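Numbered by our numbering, the letters in the sequence shown go through residues 633 to 733 in order.
To keep things clear, I will list the structure first and then write my remarks on it.
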Amino acid sequence: MLIPLGFLGQGYKVLSSFGHIRDLPEDELGVDIEKDFKPKYIVPPKSKKVIRALKSEVQKAKTTILATDEDREGEAIAWHLSQALDLKKPERIVFHEITKS
633 MLIPLGFLGQ GYKVLSSFGH IRDLPEDELG VDIEKDFKPK YIVPPKSKKV
683 IRALKSEVQK AKTTILATDE DREGEAIAWH LSQALDLKKP ERIVFHEITK
733 S
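Dropping the structure here:
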């Protein structure tokens, strides 16, 4: 979903992941015990379309900036996005508050 933010100026596009895009499976143990407890992440059906759309836009971009909250949830969302979108060198900013002035 494109979010219009006129104050950024031309050349920027802001898109949303709508929160978490990957999770651990509900029907099995979420880690592989034989592989040093490596997590078994899955992409929920609702996130597949979002990931496809974001991948398409990332491929067109010179730079990708991941902007989420500074808490652990925001950090997790940014990390999962960088993994799912196969970002080599994403830039990162954090939000403390977004208010219209």
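Cβ coordinates follow ideal geometry from the N, Cα and C atoms, glycine included.
Quantities reported herein were computed from a predicted structural model and do not represent experimental measurements.
Original post:
Which residues does DSSP pair with Ile-725 in a beta bridge?
Top reply: Ala-699
Original post:
Straight-line CA distance for Asp-701 to Val-726?
Top reply: 5 angstroms
Original post:
From Ala-699, Arg-704, Arg-654 and Ser-648, pick the residue whose C-alpha is nearest to that of Ile-673; which is it?
Top reply: Inspection of the sequence shows that residue 673 is occupied by Tyr rather than by Ile. With distances taken between Cα atoms, Tyr-673 lies closest to Arg-654.
**OP:** Could you tell me the distance, in whole angstroms, from the CA atom of Pro-657 to the CA atom of Ile-730?
**Re:** 33 angstroms
**OP:** Tell me, please, which residues DSSP counts as bridged to Asp-664.
**Re:** Lys-670
Original post:
Can you check whether the CB of Leu-698 is closer than 7 angstroms to the CB of Leu-686?
Top reply: no
**OP:** Using a threshold of 7 angstroms, state whether the C-beta atoms of Ala-716 and Ile-683 are closer than that.
**Re:** yes
Original post:
Which word fits Ser-688, buried or exposed, when buried means at least 16 other C-beta atoms lie within 10 angstroms of its C-beta?
Top reply: exposed
**OP:** Please work out which residues of its chain come closer than 7 angstroms, Cβ to Cβ, to Ala-710, disregarding the five sequence neighbours upstream and downstream, and give them in chain order.
**Re:** Leu-698, Thr-700 and Arg-724
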